[in-house]
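Colleague:
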Amino acid sequence: MAIATVAALILVLPDLGSSSPATTQPPRSRAALELLTTTGSPRREAGRVAPLNATSPPGLRVMPDALSTPNIIKSNKYPVEEHTVVTEDDYVITIFRIPHADRPAVYLQHGLMCSSTEFVISGRNRALAFLLHDAGYDVWLGNFRGNRYSRKHKRMTTSDKAFWEYSWHEIGFYDVTAMIDYILNNTRRESLVFVGHSEGTTALLAAASLRPEYNGKVSMFIALAPVAFFNNVNTILMRFMIAMEPLMELGANILGQYDIKPHPPLIRFVTDHMCNKKLVGRWVCTNVVFRAIGFNGQQVDKEQILTILKTMPAGCAFRELSHYSQVFYSGKFQQFDHGSRKNKEKYGQDQPPEYPLDNVSLPVYVYYTENDVFTSTEDVKTLRDRLPNVKKYKRIFHDSFNHMDFTYARDARKLLYDDILRDIEEATKEGKA
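Using mature numbering (1 follows the signal peptide of the UniProt record, and there is no 0), the letters of the sequence shown map in sequence onto residues -19 to -1, 1 to 414.
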């Protein structure tokens, strides 16, 4: 219990030793600016925008402003719009748009503890959002509740326990559906292309299974490293993390903390100190820390990872992790387990029901890798076999390609994105996207 409590404290508490206000910005690093612009033109510091996480508690230090999604987009010389969506349960969600009027809409949705930044931080000619815009698509970048861009509610603040009483079930049921409706209403289109990474895939699967009317609103579902089943997770680290998660959540609850803060002290220590040490520190970071969180040293070098880690974790509820842990132990893609008594009240039965994947009739294009630390090939196959309309099932042929490489790898365009662009183009020509 002591270990779990300390781990939770490191992850969830703000930097109490910092006297800086929430809007204080750390200096921009050279690596950050290099990653932001890859056009070959003289680098220019991005313009500043108003802080987007106004409800963050005092003392919570945010990422460098240059690494915010809108500023990365601006620094790469693309137009950007900011849109606000209110969900049915009153969470206030931020969507960014790289507009291409009267063109097919593509909605990109990030993974666990990430944000819309993951689709733009690699810069021009590399980041998926920019490649899609260059190909003529109207690009929309979603942000789940609880991350640095979506930390508001009409009646609650992030200090309220009730604010954090959600998992990826509510994210799918409310956030994803609200963003789909908003995008379609604004573009006056009947359907859109959905590109999800990791938890982004989990959320859409939950939404489309329980709200089948949304199958008709998604013309294509590009599923990158999809996560639904955890039966065959085979890395020692992942099994340890899953086993520790309930204890970490309990420790966090004892401390009165219910979320993982954006860019917490532990990550700052890793990026600012440990990984800059020669020999042992760099070896540990490259071979243990970075691989553990799904990065591939052959595809994302240390300096890039250190910059990326200034944007993640972007914030999430502990209950999102709990829900994945429950899926692991149950062996089922099921709704959140509230305990027998509350399950009876909510579901009418002792155990949570499984998501009815037979209802997911939208066309699915699956991309996976055999080296993924977070989801096994066997579990992706199980998902494929449970879905009724899988149009494509493709392995990324690179021995070291890992979970986070789907959005950050230097060769992602050659290994993955060119394929995605072809898939969307073909579907568009056939009138299916």
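Yeah, the Cβ is synthetic: ideal placement off N, Cα and C, and Gly gets one too.
Figure out for me which residue from Lys142, Phe125, Ser172 has the closest Cα to the Cα of Glu151.
Modeller: Along the sequence shown, read from residue 1 onward, the residue named residue 151 stands at position 170. That would be Phe125, whose Cα lies nearest to the Cα of Glu151.
Colleague: Flag Glu180 as yes if its beta-carbon sits less than 8 Å from any beta-carbon of chain D, otherwise no.
Modeller: Looking at the structure shown, chain D is missing, and only one protein chain is on hand.
Colleague: Please report how far the alpha carbon of Lys410 lies from the alpha carbon of Ala184, in whole angstroms.
Modeller: Counted from its first residue, the sequence shown places residue 410 at position 429. Counted from its first residue, the sequence shown places residue 184 at position 203. Looking at the two C-alpha atoms, the distance is approximately 28 Å.
Colleague: Identify whether Lys413 lies in helix, strand or coil by the three-state DSSP scheme.
Modeller: Position 432 of the sequence shown, counted from the first residue, corresponds to residue 413. Lys413: coil per DSSP, three-state reduction.
Colleague: Taking the beta carbon of Gly28 as the centre, do at least 16 other beta carbons fall within 10 Å, making it buried, or is it exposed?
Modeller: Here residue 28 refers to the residue found at position 47 when the sequence shown is read from its first residue. Unreliable placement is indicated for Gly28, whose pLDDT of 32 sits below 50; no coordinate value is reported for it.
Colleague: In angstroms, rounded to a whole number, what distance separates the CA positions of Thr292 and Gly329?
Modeller: Indexing the sequence shown from 1 puts residue 292 at position 311. Indexing the sequence shown from 1 puts residue 329 at position 348. If I take the Cα positions, the gap works out to 41 Å.
Colleague: Taking 8 Å as the threshold, find out whether the region 102 to 116 comes into contact with the region 141 to 150 through three or more Cβ pairs.
Modeller: Contact fails: fewer than three Cβ-Cβ distances are below 8 Å.
Colleague: DSSP three-state label for Gly21, please.
Modeller: Taking the first residue of the sequence shown as 1, we reach residue 21 at position 40. Residue confidence for Gly21 is low, a pLDDT of 34 falling below 50, so the modelled location carries little weight and cannot support an answer.
Colleague: Take the Cβ of Leu122 as the centre, count every other Cβ of all protein chains shown within 10 Å, and call the residue buried at 16 or more, exposed below.
Modeller: Here the question's residue 122 lines up with position 141 in the sequence shown. By the neighbour-count rule (16 or more Cβ atoms within 10 Å), Leu122 is buried.
Colleague: Kindly indicate the opening and closing residues of the alpha helix (DSSP H) around Val361.
Modeller: Within the sequence shown, the letter at position 380 stands for residue 361. Segment 358 to 367, the alpha helix (DSSP H) holding Val361.
Colleague: Looking at the strands, I want to know which residues DSSP matches up with Met201.
Modeller: The residue you call residue 201 lines up with position 220 of the sequence shown. DSSP lists Val174 as partners of Met201.
Colleague: Do you know how far the Cα of Lys325 is from the Cα of Ser96?
Modeller: The residue given as residue 96 occupies position 115 in the sequence shown. The residue given as residue 325 occupies position 344 in the sequence shown. Cα-Cα distance, rounded: 34 Å.
Colleague: Can you tell me where the alpha helix (DSSP H) with Tyr239 in it begins and where it stops?
Modeller: As a position in the sequence shown, residue 239 is number 258, starting the count at 1. Neither: Tyr239 is in no alpha helix (DSSP H) and is coded neither H nor E.
Colleague: Leaving out five residues before and five after Ile289 in sequence, what residues of the same chain have Cβ atoms less than 7 Å from its Cβ?
Modeller: Along the sequence shown, read from residue 1 onward, the residue named residue 289 stands at position 308. Ile102, Tyr389, listed in sequence order.
Colleague: How would you write the range of the alpha helix (DSSP H) that Thr65 sits in, first residue to last?
Modeller: Counting from one through the sequence shown, the residue named residue 65 turns up at place 84. Premise fails: Thr65 lies in the beta strand (DSSP E), 62 to 67, not in any alpha helix (DSSP H).
Colleague: Between which two residues does the beta strand (DSSP E) holding Lys373 run?
Modeller: Along the sequence shown, one-based indexing puts residue 373 at 392. Segment 371 to 376, the beta strand (DSSP E) holding Lys373.
Colleague: On the criterion of 16 or more Cβ atoms from any shown chain inside 10 Å, does Ala237 qualify as buried, or is it exposed?
Modeller: Taking the first residue of the sequence shown as 1, we reach residue 237 at position 256. For the sequence presented, residue 237 should be read as Gly rather than Ala. Classification of Gly237: exposed, given that the 10 Å Cβ count is below 16.
Colleague: Do Tyr155 and Tyr72 have their beta-carbon atoms positioned less than 8 Å apart in this structure?
Modeller: As a first step, residue 72 is located in the sequence shown; it is residue number 91 there, counting from the start. As a first step, residue 155 is located in the sequence shown; it is residue number 174 there, counting from the start. Their beta carbons are under 8 Å apart, which means Tyr72 touches Tyr155 by this criterion.
Colleague: For Tyr310, count the other beta carbons within 10 Å of its own beta carbon; 16 or more makes it buried, fewer makes it exposed. Which is it?
Modeller: Within the sequence shown, numbered from 1, the residue matching residue 310 stands at position 329. Exposed is the call here.
Colleague: Over the uninterrupted alpha helix (DSSP H) stretch that includes Thr75, give me the two end residues.
Modeller: Position 94 of the sequence shown, counted from the first residue, corresponds to residue 75. Segment 72 to 79 is the beta strand (DSSP E) holding Thr75; no alpha helix (DSSP H) there.
Colleague: Report the rounded CA-to-CA distance for Tyr349 versus Ala206, giving the unit in angstroms.
Modeller: Counted from its first residue, the sequence shown places residue 349 at position 368. Counted from its first residue, the sequence shown places residue 206 at position 225. Straight-line Cα distance between these residues: approximately 5 Å.
Colleague: Let me know the secondary structure DSSP gives Tyr346 once reduced to three states.
Modeller: Translated into positions along the sequence shown, residue 346 becomes position 365. If DSSP states are grouped into helix, strand and coil, Tyr346 belongs with the strands.
Colleague: Would you identify the three-state DSSP class for Ala47, choosing helix, strand or coil?
Modeller: As a working mapping, residue 47 is identified with position 66 in the sequence shown. If DSSP states are grouped into helix, strand and coil, Ala47 belongs with the helices.
Colleague: Within 10 Å of its beta-carbon, does Pro243 have 16 or more other beta-carbons around it, so buried, or fewer, so exposed?
Modeller: In the sequence shown, the residue the question calls residue 243 occupies position 262. Flag for Pro243 reads buried.
Colleague: The alpha helix (DSSP H) with Gln307 in it runs from where to where?
Modeller: For the purposes of this step, residue 307 is taken as residue 326 along the sequence shown, with counting starting at 1. Where Gln307 is concerned, the enclosing alpha helix (DSSP H) stretches over 299 to 311.
Colleague: Just to confirm my understanding: we take residue 419, look at its own chain, exclude 5 residues before and 5 after, and list those with CB closer than 6 Å. What are they?
Modeller: Residue 419 lies beyond the stretch modelled for the chain, which goes from -19 to 414, so this question has no answer here.
Colleague: Output the distance between the C-alpha atoms of Val61 and Phe378, rounded to the nearest integer angstrom.
Modeller: Sequence index remark: in the sequence shown, residue 61 carries index 80 (1-based). Sequence index remark: in the sequence shown, residue 378 carries index 397 (1-based). The straight-line gap from Cα to Cα measures roughly 34 Å.
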